[in-house]
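Structure first, commentary second.
Protein chains in written order, with the UniProt record's numbering: chain A, 1 to 261; chain B, 1 to 261.
Have a look at this one:
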């Protein structure tokens, strides 16, 4: 049963919520629905495309997509588990805006608990299902923690190679100089192509990619100190890492580690 | 404001639940109320007396007291934090029986979350308060994990000394022989006095006391292996400890550690 095939059924049902817990890769083409969607990324990374934004949902973060917003969702990393909830749409402030937020421990536990149900409709008054309404109900508390990590992509062959090189070498002190030598381009034409295709600079892209990787490290490598994670993601100092992390997520790495582990 | 003084008000209120989060020692004399009570012991130990039972609520466990059951509650350990909820009484099966249960992670997170409110009445439809109903709603899932640790007490001066000696030396290989020598009594009269005053044997008392201490160690000393906890609570082998633990709690020590930490 493919999710996109039953979207109409999900929209039309009188039931409070539809739940899906999925492992493995997923690519959902551009689509829209009349319910509000919560998707929690347990491991790996998911990417969501809305109009011309290409946003990243890191591990232990959730994505809120209000009813009626056309979106494309890619869950490409092998380790990813995605937990999605289709709620009846709400007119309340928080629920009307698309957003990406870190999940706190209570949200994580409620999502774990929700795995009692999968690929099914549930009403809040069913046994133990008050927890599902409670999950929905506390989401606005995360509003101030919203993060926005843009990681655009392109099908330009040269840019595809460039991105692959970044993904393989982000943990080294990658410089613009190294990139231009690697790809036999002048700095001027490298920067121009990068910006034209991806709408952000090489440095912005690299920083974003490193932050996303560091979030994954924070979750998976509990044996690593924050400094070790800084080094593993290409930062030469803890301070530089912590500042960049704060700039992108509104939190220090230690705060996020506490929150997501 | 003393809790016992406002019990009548709590009983009579039309609100869904009354919450109290308390640090420090507490002694509530025998009393009864028309609401169902949930009390979660975050650290230390609490003792509840019902008729002639003297029950222990270890750290990270909760006590459920149905409406109308006269009870006495002692929270004596300094590290204790007690979280209590007075719910409208229910006629459903689980809620009609007094019980002591380990709290799973979801319950613990919901209780942490409930600290937004304290010494106050809350209705479930207030902002974010769905979590309080959800806490109430999932409790029956713990029914199979019920534990019953009896640790009676007595005001007999000799027995008070004996218990104090046990509390100070439970981590050593305490024997009946050592006890009788320590207190200049024959084995026969020591056992008779112990049983007369406490209604359980010296060995039962010692085992129960060690299990309660080990639960506290499981929670507080995450750096200790299960074997180290066995040794710290007077067990000479991991197997003996694990078996006694299972006998009293229905779980292996490792299972409880996973559940409460």
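Using N, Cα and C, we set each Cβ at its ideal position, and we do this for glycine too.
Same chain, Cβ closer than 8 angstroms to residue i, five either side skipped, listed in chain order
i: residue 92/A; result: 140
i: residue 34/A; result: 11, 67, 68 and 89
i: residue 240/A; result: 230
i: residue 176/A; result: 187, 190, 191, 202 and 203
i: residue 134/B; result: 110
i: residue 256/B; result: 102, 215, 218, 245 and 249
i: residue 31/B; result: 4, 7, 70, 71 and 72
i: residue 118/B; result: 19, 20 and 21
i: residue 252/A; result: 242, 245 and 246
i: residue 158/A; result: 183 and 193
i: residue 116/B; result: 128
Any chain B beta carbon closer than 7 angstroms to residue i
i: residue 130/A; result: yes
i: residue 134/A; result: yes
Sequence-distant residues of the same chain with beta carbon closer than 6 angstroms to residue i, five excluded per side
i: residue 16/B; result: 123 and 124
i: residue 129/B; result: 122
i: residue 244/B; result: 207
i: residue 262/A; result: This structure cannot speak to residue 262/A, because chain A is shown only from 1 to 261.
i: residue 104/A; result: 259
i: residue 143/A; result: 94
i: residue 83/B; result: 21, 40 and 111
i: residue 85/B; result: 17, 19 and 38
i: residue 96/A; result: 66
CB contact check: residue i to chain A, cutoff 7 angstroms
i: residue 118/B; result: no
i: residue 147/B; result: no
i: residue 106/B; result: yes
i: residue 113/B; result: yes
Whole-Å CB distance - residue i paired with residue j, under 8 angstroms assumed
i: residue 167/A; j: residue 233/A; result: Contact flag wrong, Cβ pair sits at about 12 angstroms.
i: residue 81/B; j: residue 42/B; result: 4 angstroms
i: residue 150/B; j: residue 22/B; result: Their Cβ separation, rounded to whole angstroms, is 25 angstroms, which puts residue 150/B and residue 22/B out of contact at 8 angstroms.
i: residue 200/B; j: residue 152/B; result: 6 angstroms
i: residue 65/B; j: residue 98/B; result: 6 angstroms
i: residue 36/A; j: residue 87/A; result: 5 angstroms
i: residue 211/A; j: residue 45/A; result: Residue 211/A to residue 45/A, Cβ: 11 angstroms. No contact.
i: residue 156/A; j: residue 197/A; result: 5 angstroms
7 angstroms Cβ cut-off: residues of chain A touching residue i
i: residue 138/B; result: 128 and 131
i: residue 109/B; result: 105, 106 and 109
Minimum Cβ-Cβ distance from residue i to chain E less than 7 angstroms
i: residue 241/B; result: Judged by its chain identifiers, the structure shown contains no chain E, and its protein chains are A and B.
Residues that residue i contacts on chain B, provided the C-beta gap is smaller than 8 angstroms
i: residue 141/A; result: 128
Contacts around residue i, its chain only, beta-carbon distance under 7 angstroms, and the 5 residues preceding and following it disregarded
i: residue 269/B; result: Within the shown structure, residues of chain B are numbered from 1 to 261, placing residue 269/B beyond reach of any answer.
i: residue 49/A; result: 71 and 72
i: residue 173/A; result: 234 and 236
i: residue 27/B; result: 74
i: residue 227/B; result: 238
i: residue 195/B; result: 201
i: residue 254/A; result: 226
i: residue 136/A; result: 87
* Could you give the uninterrupted runs of the beta strand (DSSP E) lying entirely in the region 98–149 of chain A, keeping only those of 3 residues or more? -> Every unbroken stretch of the beta strand (DSSP E) spanning 3 or more residues and falling wholly within the region 98–149 of chain A is given here in chain order: 99–102 and 120–122.
* With a floor of 4 residues, list each alpha helix (DSSP H) that falls wholly inside the UniProt domain "HTH araC/xylS-type" (160–259) of chain A, ordered by position along the chain. => You should have 176–182, 187–198, 202–220, 226–232 and 238–249.
* In the region 24–69 of chain A, which residue ranges form an unbroken beta strand (DSSP E) of at least 3 residues, counting only runs that do not cross its ends? -> The region 24–69 of chain A contains these whole beta strand (DSSP E) runs: 26–31, 36–41, 46–50, 53–57 and 61–65.
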